[in-house]
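Numbering (our numbering), first residue to last: 23 to 137.
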């Protein structure tokens, strides 16, 4: 890290941002986002995006809400789509998703054959 100032600045800025995020320190986050230090191209693009969405970034640090459950559900649906590629129709795919989420119970064995 010490061999390049840009890399050092980018790393330190990233670590400071993570620390501010952990402490929910919005003032420090604003200072970091509006920093004029020389950083790498990707870090610069990230900071520009954060500046553009500053209110949302700060709200994300302050508020306890998370979209983790939704992201997990979307991941599960994508996994079902990958493993079940080629279902003959959309209804079968929806049924599979509902089965995975335990919203629809599987049909039990038929009692007609048991004597």
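Note that the Cβ used here is the ideal one computed from N, Cα and C, for glycine as well. Here the structure is a predicted model, which is why all the values come from computation and not from measurement.
Within 10 angstroms of its Cβ, does residue i collect 16 or more other Cβ (buried), or is it exposed?
| i | result |
| --- | --- |
| residue 39 | buried |
| residue 78 | exposed |
| residue 92 | exposed |
| residue 106 | exposed |
| residue 110 | exposed |
| residue 88 | exposed |
Verify whether the separation of the beta carbon atoms of residue i and residue j is less than 8 Å.
| i | j | result |
| --- | --- | --- |
| residue 69 | residue 84 | no |
| residue 36 | residue 59 | no |
| residue 119 | residue 102 | yes |
| residue 51 | residue 64 | no |
Span of the alpha helix (DSSP H) holding residue i?
| i | result |
| --- | --- |
| residue 44 | 27–45 |
| residue 24 | That residue, residue 24, is in no alpha helix (DSSP H); it is neither H nor E in DSSP. |
| residue 115 | 112–122 |
| residue 78 | 76–84 |
| residue 58 | No alpha helix (DSSP H) holds residue 58; DSSP gives it neither H nor E. |
| residue 96 | 90–105 |
Give every residue of the same chain whose Cβ lies closer than 7 Å to the Cβ of residue i, excluding the five residues on either side of it in the sequence, and list them in chain order.
| i | result |
| --- | --- |
| residue 46 | 83 and 84 |
| residue 137 | Low confidence applies to residue 137: its pLDDT is 47, below 50, so where it sits in the model is not reliable, and the reading given next is rough at best. Once the five neighbours on either side are set aside, residue 137 has no close Cβ partner at all. |
Any heavy atom of the ligand SAH within a distance shorter than 7 Å of the CB on residue i?
| i | result |
| --- | --- |
| residue 57 | You won't find the ligand SAH in this model; it holds no ligand whatsoever. |
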